[in-house]
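Mapping of the sequence shown onto UniProt numbering: position 139 corresponds to residue 139, and the numbering continues sequentially without gaps. All C-beta atoms, glycine included, are put in the ideal place defined by N, C-alpha and C. In this text the structure is predicted, and so the values were computed from the model without any measurement. Here's the structure we're looking at; comments come further down.
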Amino acid sequence: MTHPSNRPLGQAILRTAGIVQALVALPCTLYLAGSAYNYFSHRFDLWYYFTTRVLAGSVTGGIVFVAAVQQRAATTSRQAFVLEAVKASLATAIFVWVNTEFSWDLKRLIVTGLAVVVLFYAPLGYAWATSKEAEREGRLSLQGEGRAVDVKTPLLG
Numbered sequence: 001m002t003h004p005s006n007r008p009l010g011q012a013i014l015r016t017a018g019i020v021q022a023l024v025a026l027p028c029t030l031y032l033a034g035s036a037y038n039y040f041s042h043r044f045d046l047w048y049y050f051t052t053r054v055l056a057g058s059v060t061g062g063i064v065f066v067a068a069v070q071q072r073a074a075t076t077s078r079q080a081f082v083l084e085a086v087k088a089s090l091a092t093a094i095f096v097w098v099n100t101e102f103s104w105d106l107k108r109l110i111v112t113g114l115a116v117v118v119l120f121y122a123p124l125g126y127a128w129a130t131s132k133e134a135e136r137e138g139r140l141s142l143q144g145e146g147r148a149v150d151v152k153t154p155l156l157g
């Protein structure tokens, strides 16, 4: 693994974005898990709320999990794009669900929509551009290792 000061700027941007995404999603996951436990253990007639909290907590936990995998794994630019796409789709799913589940509030819709675009779609766009650039150059680069792997290079070489 390369030293953090030796990483290219693009990798540092994606890693920082992943950390911010995880820091935003982790408190939501913990709150939803605690709320689901509360509904499960004390109110047996409120299964709907228990189910919604479990599903929403699973989605936000998925964002945290993908961000953690992205931090630890040495990924190619294409794999980084796929991981960013997974996080963006999970964030979009929870955004649509939350904003259609409750009453319409224009202020909440605008704020959460901007947050999803800035936190998840900006890194997705950058990862897509990086992936297309690497694809045009005909190479795959392992982001965590600081080495380039050509497509014609043997897998174990």
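query: Contact belief for K87 with Q21 at Cβ below 8 Å, rounded distance in angstroms; result: 6 Å
query: Backbone CA spacing between A25 and T52 [nearest angstrom]; result: 16 Å
query: Buried/exposed call for F120, threshold 16 Cβ in 10 Å; result: buried
query: Residue closest to R136, alpha-carbon to alpha-carbon, out of R78, A56, A67, G125; result: R78
query: Cα-Cα separation, G146 to T76; result: Because G146 sits at a pLDDT of 49, beneath the cut-off of 50, its placement in the model cannot be relied upon, and the point is left open.
query: Reduced DSSP secondary structure (H/G/I, E/B, other) of W47; result: helix
query: Sequence-distant residues of its chain with Cβ nearer than 6 Å to L83 (five each side left out); result: V66, Q70
query: Rounded straight-line distance, which links the Cα of E133 to that of Y37; result: 46 Å
query: Rounded C-alpha distance that separates G34 from V54; result: 10 Å
query: Rounded C-alpha distance that separates D105 from T112; result: 11 Å
query: Local Cβ density within 10 Å of Q11, reported as buried at 16 or more and exposed below that; result: buried
query: Cβ distance (whole Å) where L14 is taken to contact A80 below 8 Å; result: 6 Å
query: Three-way DSSP call (helix, strand, coil) for S41 in this model; result: helix
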